[in-house]
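So the protein sequences, as listed, match chains X and F. Residue numbering for the first sequence follows the working numbering, starting at 1 and increasing by one per position. Residue numbering for the second sequence follows the working numbering, starting at 1001 and increasing by one per position.
2 protein chains.
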Amino acid sequence: MNKVVVAEKFALFDEKWSPKIVGELNGQYVKLVKVQGEFIWHQHEQEDELFFVTKGKLDIHLRDQRVSLEEGEFFIVPAGVEHKPVAEEEAHVILLEPVATLNTGDVRDERTREHLDWI
Amino acid sequence: MNKVVVAEKFALFDEKWSPKIVGELNGQYVKLVKVQGEFIWHQHEQEDELFFVTKGKLDIHLRDQRVSLEEGEFFIVPAGVEHKPVAEEEAHVILLEPVATLNTGDVRDERTREHLDWI
């Protein structure tokens, strides 16, 4: 039972698109991820996914719109909705999603992380 | 499907200790609450509860310790753990907890909010 200082946790890693777990509640993980560049189109069939930006800018592309997030803004991608996160420059994002959620959703490729570490 | 600009939402209300709903995912609500002063001791029997401070300072008193949160820090109070939030000055907090969670947990008093509004 310790508090989490988000900025300190972000300072512990540099890898992009590789979420780290920093908390668990009610069957969900709180994760931190650094992003830069373009991720892949994917969806999570059963799970809603929250993106909260703490540094930089993140665009979440949906098939029919683009949601542009800046620091202090969040967006929830509903289950079953295809999305592609894109960040021109490095951005820091808090994710919230069920424990079972895979980062690439219904797609498996070299970006898929089957196992996530706690930091 | 709209993004949430947290600071804009906080600007919509002034009432203390009265959480407003700003998002829902996987059976949980994302809530915003302004706090100042001392809340009551309570617990949530089944639900873990996350407190993320976006402005000011919040102390979460537990029976055996005190967790002091500042901006950009969060703490998860596990289900069944008695806690009392205290803020000397106004603080802004994002809460995450199951839809069914009552703000005063196992206690009902004049601070209990049976119905929460979406903003």
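The C-beta atom is built at its ideal place from N, Cα and C for all residues, glycine as well.
Sequence-distant Cβ neighbours of residue 36 of chain X in its own chain, meaning closer than 6 Å and more than five residues away, are 16, 87 and 90. Between residue 98 of chain X and residue 45 of chain X, the C-beta spacing is not below 8 Å.
Residues of the stretch 1041 to 1054 of chain F that bring their beta carbon within less than 8 Å of a beta carbon in chain X comprise 1047, 1048, 1049, 1050 and 1054, in sequence order. Nearest in C-alpha terms to residue 1085 of chain F, of all of F/1033, F/1058, F/1114 and F/1032, is F/1058. The beta-bridge partner set that DSSP reports for residue 1076 of chain F consists of F/1050.
In the three-state reduction of the DSSP assignment, residue 45 of chain X falls in the coil class. A residue is called buried when at least 16 other Cβ atoms come within 10 angstroms of its Cβ; residue 2 of chain X does not meet this threshold and is exposed.
Counting only the Cα atoms, residue 110 of chain X lies some 31 Å from residue 1028 of chain F.
As the crow flies, the alpha-carbon of residue 1108 of chain F is around 42 Å from that of residue 82 of chain X. Taken through DSSP and simplified to helix, strand or coil, residue 1006 of chain F comes out as helix.
Neighbours of residue 1098 of chain F across chain X, judged by C-beta separation under 7 Å: 26.
In this structure residue 73 of chain X is buried. Its beta-carbon is surrounded by 16 or more other beta-carbon atoms within 10 angstroms. With fewer than 16 other CB atoms across the displayed protein chains lying within 10 angstroms of its CB, residue 1012 of chain F is exposed.
For the pair residue 104 of chain X and residue 40 of chain X, the CB atoms are nearer than the 8 Å cut-off. Within the stretch 1009 to 1045 of chain F, no alpha helix (DSSP H) run of at least 4 residues lies entirely inside it.
Around the beta carbon of residue 1049 of chain F, 16 or more other beta carbons lie within 10 angstroms, which makes this residue buried.
By the criterion of a C-beta distance shorter than 6 Å, residue 66 of chain X is surrounded in its chain by 59, once the five residues flanking it on both sides are discounted.
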